[in-house]
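Peer 1: Positions 57 to 342 (the numbering used here) are the ones given, in order, by the sequence shown.
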Amino acid sequence: MLDNKLLKGKAVADHITENAIEDVKKLKSMGIIPTLAMVKVGHKFDDEAYERAAKKRCDRCGIETKSIELDENCTQEEYIEAIQKLNDDIEVHGILCFRPLPKHIDEEVIEKVIKVEKDLDCFSPMNMAKVMFGDEMAYPPCTAMGVIEILNFYKINLSGKKVAVLGRSLVVGKPLSILLINRDATVTVCHSKTENIKEITKNSDIVVSCMGRAKMINKDYINENSIVIDVGINFDDEGNMCGDVDLDSVIDKVSAITPVPGGVGAVTTSILISHLVRACKKINNI
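1) Within 10 angstroms of the Cβ of Thr131, are there 16 or more other Cβ atoms? Answer buried if so, exposed if not.
2) DSSP three-state call for Thr131: helix, strand or coil?
3) Ignoring anything shorter than 4 residues, give me the alpha helix (DSSP H) runs that lie fully in the segment 163-241, in order along the chain.
4) Have a look at Lys82, Ile313 and Asn143 and flag the residue whose alpha-carbon is nearest the alpha-carbon of Met94.
5) Run through DSSP, which three-state label would Val263 get?
6) State the start and end residues of the unbroken alpha helix (DSSP H) segment that holds Val97.
7) Looking at the secondary structure, which residues open and close the alpha helix (DSSP H) in which Leu332 lies?
8) Could you give the residue range of the beta strand (DSSP E) that holds Thr73?
9) Here's a check: name, in chain order, each residue in its chain whose Cβ is nearer than 7 Å to the Cβ of Asn183, leaving out the five neighbours to either side.
10) Terminal residues of the continuous alpha helix (DSSP H) containing Glu120?
11) Looking at the strands, I want to know which residues DSSP matches up with Ile283.
12) Looking at Lys64: is its Cβ nearer than 8 Å to the Cβ of Gly321?
13) How far does the alpha helix (DSSP H) with Leu303 in it reach, from first residue to last?
14) Pick from Val333, Cys153 and Thr325: whose alpha carbon is nearest that of Ala109?
15) Could you spell out where the alpha helix (DSSP H) holding Lys111 opens and where it closes?
16) If Val227 and Thr244 are in contact, beta carbons under 8 Å, what's the gap, nearest whole angstrom?
17) With respect to the beta strand (DSSP E) encompassing Gly150, which residues constitute its N-terminal and C-terminal limits?
18) Quick check: the Cα distance between Gly299 and Leu214, rounded to an integer number of angstroms?
19) If you run the structure through DSSP and keep just helix, strand and coil, what is Glu147?
20) How long is the line joining the alpha carbons of Ser123 and Lys96, rounded to whole angstroms?
21) Classify Thr314: buried if its beta carbon has 16 or more other beta carbons within 10 angstroms, exposed otherwise.
22) Residues in its own chain within less than 6 Å of Leu152 by CB, not counting five upstream and five downstream?
23) Run through DSSP, which three-state label would Ile289 get?
24) Based on DSSP bridge pairs, tell me the residues matched to Met297.
25) Within its chain, find whatever has a CB closer than 6 Å to the CB of Gly118; leave out the 5 residues flanking it on each side and keep chain order.
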């Protein structure tokens, strides 16, 4: 019964990856080697874990990777120089900047430096604008797009559905709400100042939580037909990874739910790869 309710990310990621593998084979047959550059500042557990996962996915697809590691005390000018070198490198087809950047580096400056056609995770405001206008050539944030791909894979119709998005970050909440609206969902974005959140979520067909608050969402937030997408990556008091949703509390009540780990997070690197392949094709006019 439990397995029937779980919207697992592995099957989604494998499906996207298999398509990417075929595309990479075709590109290599033309003498083009898709290459991803990842830029990080200092050593952060989350960044390094994601970098390892991305490299593993790239290796599986036959994609080359470059890792640019800058000292945690690097200047803003040094960071900009690193990005500009990648912008100009014809062998690099996509750039991933690990965020948030250190406080001494102004993200509003950097986001205007990265080349739009190589920006795979919607850092550039130009890409965000494309997402807003429903441009299919945009590269939405990988995590937000991962939510959409899970819903697509499991044939969950969005048209006319009431969706509550908990969280309004530029990385997930805001762009995801736009992606959902572009697919004809009726979206309510909730945040720390929203009143009556439980009423909103209980009256929604789909609840997406991207707040980063461990096990905050329990059975009081959902109804018997709720589909819950848990984007949160947190750790409980015992050090175990968990989501924003208390799975044990809601599992008997929800219609379907993504687990943590093994849900949205499992799909994110495959979205990155699909964006990289698409960028490579576009840069090479294929």
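Just so you know, even glycine gets a beta-carbon here, dropped at the ideal spot from N, CA and C.
Peer 2: Reading off the structure:
1) Indexing the sequence shown from 1 puts residue 131 at position 75. Around the CB of Thr131, fewer than 16 other CB atoms lie within 10 Å, so the residue is classed as exposed.
2) Mapped onto the sequence shown, residue 131 falls at position 75. In the three-state scheme derived from DSSP, where H, G and I count as helix and E and B as strand, Thr131 is classed as coil.
3) Fully enclosed alpha helix (DSSP H) runs of 4 or longer: 163-166, 181-188, 198-209 and 229-237.
4) What you label residue 94 is simply residue 38 of the sequence shown in a count that begins at 1. Among Lys82, Ile313 and Asn143, the Cα nearest to that of Met94 is on Asn143.
5) What you label residue 263 is simply residue 207 of the sequence shown in a count that begins at 1. Strand.
6) In the sequence shown, the residue the question calls residue 97 occupies position 41. It is not in any alpha helix (DSSP H) - Val97 instead sits in the beta strand (DSSP E) that spans Thr91 to Val97.
7) In the sequence shown, counting from the first residue as 1, residue 332 sits at position 276. Segment Val320 to Ile339, the alpha helix (DSSP H) holding Leu332.
8) Within the sequence shown, residue 73 is the residue found at index 17, counting from 1. Segment Gly65 to Ser85 is the alpha helix (DSSP H) holding Thr73; no beta strand (DSSP E) there.
9) Taking the first residue of the sequence shown as position 1, residue 183 is located at position 127. Cβ neighbours of Asn183 beyond the five flanking positions: Val172, Asp175, Ala194 and Tyr195.
10) The sequence position of residue 120 within the sequence shown is 64, counting from 1. Here Glu120 belongs to no alpha helix (DSSP H); instead the beta strand (DSSP E) covers Glu120 to Leu126.
11) Numbered from its first residue, the sequence shown carries residue 283 at position 227. Bridge partners of Ile283 according to DSSP: Ile262 and Ala312.
12) If you number the sequence shown from 1, residue 64 lands on position 8. If you number the sequence shown from 1, residue 321 lands on position 265. Against a cut-off of 8 Å, the Cβ pair of Gly321 and Lys64 comes out as no contact.
13) As a first step, residue 303 must be located in the sequence shown, where it is residue number 247. Where Leu303 is concerned, the enclosing alpha helix (DSSP H) starts and stops at Leu303 to Val306.
14) Locating residue 109 in the sequence shown gives position 53, counting from the first residue. For Ala109, the closest alpha carbon among the candidates Val333, Cys153 and Thr325 is that of Thr325.
15) For this step, residue 111 is matched to residue 55 along the sequence shown. Note, Lys111: alpha helix (DSSP H), Phe101 to Cys117.
16) Taking the first residue of the sequence shown as 1, we reach residue 227 at position 171. Taking the first residue of the sequence shown as 1, we reach residue 244 at position 188. Not confirmed; about 19 Å, so no contact.
17) Here residue 150 corresponds to residue number 94 of the sequence shown, with the count starting at 1. It spans Gly150 to Cys153 - the beta strand (DSSP E) in which Gly150 sits, taken as one unbroken run.
18) Position 243 of the sequence shown, counted from the first residue, corresponds to residue 299. Position 158 of the sequence shown, counted from the first residue, corresponds to residue 214. Roughly 23 Å between the two C-alpha positions.
19) The residue labelled residue 147 in the question sits at position 91 within the sequence shown. The DSSP-derived three-state label of Glu147 is coil.
20) In the sequence shown, the residue the question calls residue 123 occupies position 67. In the sequence shown, the residue the question calls residue 96 occupies position 40. Approximately 8 Å between the Cα atoms of the pair.
21) Taking the first residue of the sequence shown as 1, we reach residue 314 at position 258. When all chains shown are included, Thr314 counts as buried.
22) The residue labelled residue 152 in the question sits at position 96 within the sequence shown. Taking C-beta separations shorter than 6 Å and ignoring five residues to either side along the sequence, the partners of Leu152 in its chain run Met94, Leu176 and Asp177, following chain order.
23) In the sequence shown, counting from the first residue as 1, residue 289 sits at position 233. Ile289: coil per DSSP, three-state reduction.
24) In the sequence shown, counting from the first residue as 1, residue 297 sits at position 241. According to DSSP, Met297 bridges with Phe291.
25) Here the question's residue 118 lines up with position 62 in the sequence shown. The answer, listed in chain order, is Val80.
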